[in-house]
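Report on the following structure.
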Amino acid sequence: MNMAELKRFIISIEIKALEKTLVDGEGESQFSELIRDRIANLKREGEWIHRFDDGLPTSRFISSVLVTRSAVTGDVDTIRDIYRRASLTNEADHDLIATHPEWLVWDVAMLPFAHVAVVDGRIVGFASSRQVDDFLELEDLFTDPDWMRQGIASALIADIARRGLRIEVSAKHAKAFYESVGFVVIGIANSPGGPLLRMHLDVTRVRP
1 MNMAELKRFI ISIEIKALEK TLVDGEGESQ FSELIRDRIA NLKREGEWIH
51 RFDDGLPTSR FISSVLVTRS AVTGDVDTIR DIYRRASLTN EADHDLIATH
101 PEWLVWDVAM LPFAHVAVVD GRIVGFASSR QVDDFLELED LFTDPDWMRQ
151 GIASALIADI ARRGLRIEVS AKHAKAFYES VGFVVIGIAN SPGGPLLRMH
201 LDVTRVRP
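This is the structure we're talking about:
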């Protein structure tokens, strides 16, 4: 799937999610016209995407310092965009996501637990983790698809590890990555999307 096809797929999923909102009763709310206008705009956008438009390259060389900081309210739209686009980079999940378009909407309730990675003022990835008993549960770890394979996710893991608590995560496709930064498999967890690997990281093993 090239970038243009991916853009069209993202647009179709967002349209389905908005149409579901109308069907579920929100259609008569004060926001109904805004929702319908957004659907119309998305349809026009999809029609204008050129099939040879491959967009931006899949990775870039980081020439500036990467910093991490706590996420703020003004970051929500960017975080949601990264979450949606990064979630669609694995084609094996497309059928499942098409059935559950609501899964592409990041839960803003995670904002107090989120940190973002920033390069030259641009948010290029984010992670969120919450303390559960004596460990941190890694809920989100997503990199802007245009900045993948540039150490963004590793930097976010290192940032979380500074809290000094064991980190646990349920992983589906990223086993190799998590193992590369020191996670080990400790079991299997069930989820609506299928079985997941439970992994944990002893923070003393985090690589510099």
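Reading the sequence shown from the start, the letters are residues 1 to 208 in full-length UniProt numbering.
We treat Cβ as the ideally placed atom computed from N, Cα and C, and that holds for glycine.
- Query: Where does Val169 fall in DSSP's three states?
  - Reply: strand
- Taking DSSP as the reference, what is the three-state secondary structure of Thr78? helix
- Pull up the CB-CB distance for Leu196 and Lys172, whole angstroms please, since I reckon it's below 8 Å. 5 Å
- Query: Are the beta-carbon atoms of Arg69 and His115 separated by less than 8 Å?
  - Reply: yes
- Item | Limits of the beta strand (DSSP E) - the one that Leu66 falls within | 66-70
- Message: With DSSP as the reference, identify every bridge partner of Ala114, one or two as the case may be.
- Response: Under DSSP, the beta-bridge partners assigned to Ala114 are Ser128.
- Message: Here's a check: name, in chain order, each residue in its chain whose Cβ is nearer than 8 Å to the Cβ of Leu136, leaving out the five neighbours to either side.
- Response: If we look at Leu136 and ignore the five residues flanking it on each side, its Cβ neighbours are Ser129, Arg130, Ile160, Arg163, Leu165, Arg166, Ile167, Glu168.
- Query: Can you name, in chain order, every residue of its own chain whose Cβ lies under 7 Å from the Cβ of Thr89, other than the five neighbours on each side?
  - Reply: The residues are Pro145.
- Where does the unbroken alpha helix (DSSP H) through Ala161 begin, and where does it stop? 152-161
- Of the residues Ile39, Gly74, Met199, which one's Cα is nearest the Cα of Ala14? At residue 14 the sequence reads Glu, which differs from the Ala that was named. Here the closest residue by C-alpha is Ile39.
- N-terminal and C-terminal residue of the beta strand (DSSP E) that Ala189 is part of: First-last of the beta strand (DSSP E) with Ala189: 184-189.
- Report back the beta-carbon spacing between Gly125 and Phe113 to the nearest angstrom; my notes put them in contact at under 8 Å. Taking a contact as a CB-CB distance under 8 Å, the pair Gly125 and Phe113 does not count as one, their CB atoms being some 15 Å apart.
- Message: Given this structure, state the Cα-to-Cα distance separating Trp106 from Arg84, to the nearest angstrom.
- Response: 8 Å
- Given that a residue counts as buried once 16 or more other Cβ atoms are within 10 Å of its Cβ, and exposed if not, what is Ala109? Flag for Ala109 reads exposed.
- Query: Taking C-alpha atoms, which residue in Val181, Trp147, Leu104, Asp77 lies nearest to Asp202?
  - Reply: Val181
- Message: Taking the alpha-carbon of Leu111 as reference, which of Met148, Val72, Ala189, Leu104 has the nearest alpha-carbon?
- Response: Val72
- Query: Thinking C-alpha only, which one of Ala158, Trp147, Gly151, Asp133 is nearest Arg122?
  - Reply: If we check each option's Cα against that of Arg122, Trp147 comes out closest.
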